[in-house]
Amino acid sequence: MPDDTSPVTITRAAPAGAPKPAQPLGPHQALIDRLRQVAGADHVAASDDDRAFFAEDTYRSLETPLAAVAPGSTEELSHVAEACSRANVALVPRGGGMSYTDGYLHTRADSVTVDTRRMNKILEINETDMYVTVECGCTWAVLNAALKEKNLRTPYWGPLSGINAVVGGALSQNSIFFGSGFYGSAVEQVVGLTVVTAEGTVLPLGGHAIARGKPFMKHYGPDLMGMFLADAGAMGIKAVVTLRLMRRTEHRQHIAFTFATADAMATAMSSLSREGLATEAMGFDAGQQSARAVEAKRSLREDFATLMKVIEQGGVIDGLKVALAGRGYLKKVPYGLHVAVEDKTAAGVKELARRARQICKDLGGAPIPASITRIVHADPFIPVDSILGPKGERWVPVHCIVPHSKATHIVAQVQALYKRYEALRTKHNIRNGFLLCTVGSYGFLIEPVFFWPDARLPMYNKVIRKEHLERLPELAAHEETRAVVHQMREELAQLFVENGAVSMQLGKFYLYDQALDPKARGLLEKVKALVDPSRTMNPGALKL
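837 is the number that the numbering used here gives the last residue of the sequence shown; the numbers go up by one with no jumps.
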């Protein structure tokens, strides 16, 4: 990376601000008619508006698809894939639509979006053998609610966007958040998987591959399932998955500390992770904290509703703590660490919290009100309004995961890049910050974020609540500013690869082709050729 004083030249083109015009269906009309036969006419979207919507993720658009089809079962999904294969039309799987790394964007105009959200049934909750089998279009919010009725949960139980994000999307992208501090990422919870390939083959994997018996265990001979997880949808479309279950933990405490430096906060987080003390640990710098908590545009009614949920989940004392803390204290917090600790007994959680507090104090932390994680746990799956910033700005993150030994070094590198771009960031009113999280006992996630003034993407009008949009100003398009953000993101992705970091949500953005050993890359390409010989399954995903 250039040093901090190197002049910055913008060489990247700005991402598209709106989808390309939809091309005439022309020779593909017969395929559209066949898809309507398979899934039902009401479940094939081929209007210009629909095609434009399915051309965008939350960051940008590439090509505009021919249509979007929403199969209602694994059988229908198989027939959809077979029809597209015969027509030599690409298939691009889409779940809840929360990607910002081109995950379901189209690199070919002759392609069809497969909207998996109709495949949303919970097929079996097995309390005896402790697994749940679910169609991959089910949201994490729906799955968690059903399991909660039986005092169960999956160890990792969803991302913050779980009201929209579907199970299959998290398994294609990989994902962390709820439960990740103890139990790791989404794909680590999978016992069995059923995938539909580009040619329509229904392929059972892991625990689903056992011809007789239940899908209670993943490993029975070689693990062929791993090639279809965290694959960005490049290998096939996930239809049905079986996940591990555990009893819900009944006791939780929340702690929060402010630190003077990012290094001190990151060091504390790594210590908590290694000791197995935090089910979730989130670290914010002042920029991210301000944008997400201090400046958040919420109505009095929403604040009151959240407070009631805190009281319902944690009792009146927790509610009073949140009400008394407010948000103002965060203005004086340069680096804030927010931690949730849970255990099966009150004595156990008390001891874990004591140890966590001691680690933070020993590393120079000062206690602050622990309202953030209380609110998050009281209302875990909230509307996805935050894909716009608090002032109506555009928002996008980028991230990596590193071992603890590299955490402070990469945080410093991110801050150095922000500094190198300081003149351009000031000129274009680009705000940056970062979020830090721990992953199991082994990983440290660093997520730089960007807020910048720019026009909304059309898809925001469908995924963000109308009442929230009405509170925010509509901003003019700023193509030059968008180009600066795009270049900074790409430089960060290069920085991550050069430092041996890994990423989730690979999509078509991260430099996975550069990151792999050539022999491993060669094997991946051979597997791709085996399961997708025509290269019609999400072309460009994983840089394939």
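Every residue, glycine too, gets a C-beta built ideally from N, C-alpha and C.
Three-state secondary structure (DSSP) of residue i
i	result
Tyr424	strand
Ala639	helix
Tyr803	coil
Leu416	strand
Ile503	coil
Thr719	helix
Asn381	coil
Gln316	coil
Lys443	coil
Ala491	coil
Glu644	helix
Ile456	coil
His512	coil
Ser827	coil
Arg758	coil
His399	strand
Glu543	coil
Pro308	coil
Glu349	strand
Asp408	strand
Ile661	coil
Met528	coil
Met518	helix
Leu496	strand
Classification of residue i by the beta-carbon crowding that lies within 10 angstroms, buried from 16 upward
i	result
Gly319	exposed
Asp838	It is not possible to answer for residue 838, since the shown part of the chain is limited to 294 through 837.
Asp810	exposed
Gln253	Any answer about residue 253 is impossible in this case: the structure gives the chain only from 294 up to 837.
Asn457	buried
Tyr352	buried
Ala504	exposed
Ala769	exposed
Asn467	buried
Gly815	exposed
Pro696	exposed
Thr487	buried
Ala716	exposed
Asn754	exposed
His779	buried
Val615	Unreliable positioning characterises Val615 in this predicted model, as indicated by a pLDDT of 45, which lies under 50. The coordinate reading is nonetheless provided below. Val615 is buried by the Cβ-count criterion.
Gln581	buried
Ala553	exposed
Asn290	One cannot answer for residue 290 here, as it falls past the ends of the chain, which runs 294 to 837.
Lys712	exposed
Tyr424	buried
Tyr449	buried
Gln322	exposed
Tyr397	buried
Lys625	exposed
Residue i beta carbon near the ligand SAM (any heavy atom closer than 8 Å)
i	result
Val362	Absence of the ligand SAM is noted for the structure shown, with no ligands found whatsoever.
Proximity winner among the options, relative to residue i (alpha-carbon distances)
i	options	result
Ala491	Glu356, Arg648 and Ala383	Ala383
Pro317	Gly365, Phe475 and Asp403	Asp403
Ala834	Thr774, Ala527, Ile661 and Ile303	Ala527
Ala574	Asp516, Arg344, Ile665 and Leu498	Ile665
Thr304	Val820, Glu784, Lys821 and Leu817	Glu784
Val632	Ile661, Pro683, Asp516 and Pro832	Ile661
Leu823	Phe521, Ile548, Leu565 and Ala532	Phe521
Thr494	Val407, His372 and Ala549	His372
Ser473	Lys836, Phe802, Ala776 and Thr731	Thr731
Ala525	Glu349, Asp395 and Leu645	Asp395
Val790	His692, Cys377, Ala557 and Ala813	His692
Ser564	Trp688, Lys654, Arg446 and Cys431	Lys654
Ala571	Ala557, Glu543, Tyr476 and Ala579	Tyr476
Thr421	Ser378, Val707 and Lys443	Lys443
Cross-strand partners of residue i (DSSP beta bridge)
i	result
Ile303	Paired residues: none, contrary to the question.
Gly477	DSSP, once it has assigned bridges, lists no residue as partnering Gly477.
Phe552	Tyr628
Ile726	The amino acid at residue 726 is misidentified as Ile; the sequence shows Gly. Looking at the DSSP assignment, Gly726 forms a beta bridge with Val742.
Trp688	Phe744
Asp341	Note: Asp341 sits in no beta bridge, so no partner.
Chain B contact for residue i (CB, 9 Å cutoff)
i	result
Ala770	No chain B is present in this structure, which holds just one protein chain.
Nearest-angstrom beta carbon gap, residue j and residue i [assumed within contact, 8 Å]
i	j	result
Lys441	Arg541	7 Å
Ile652	Ala559	Actually they do not touch by this definition, with Cβ atoms about 13 Å apart.
Phe500	Phe470	In the sequence under discussion, the amino acid at residue 500 is Gly, which differs from the Phe named in the question. Their Cβ separation, rounded to whole angstroms, is 25 Å, which puts Gly500 and Phe470 out of contact at 8 Å.
Ala434	Gly455	5 Å
Ala311	Pro751	6 Å
Gly358	Ser465	What sits at residue 358 in the sequence shown is Pro, not Gly. 18 Å between Cβ atoms; not a contact.
Arg327	Pro364	Wrong, their Cβ atoms sit about 13 Å apart, outside the cutoff.
Gly388	Val459	4 Å
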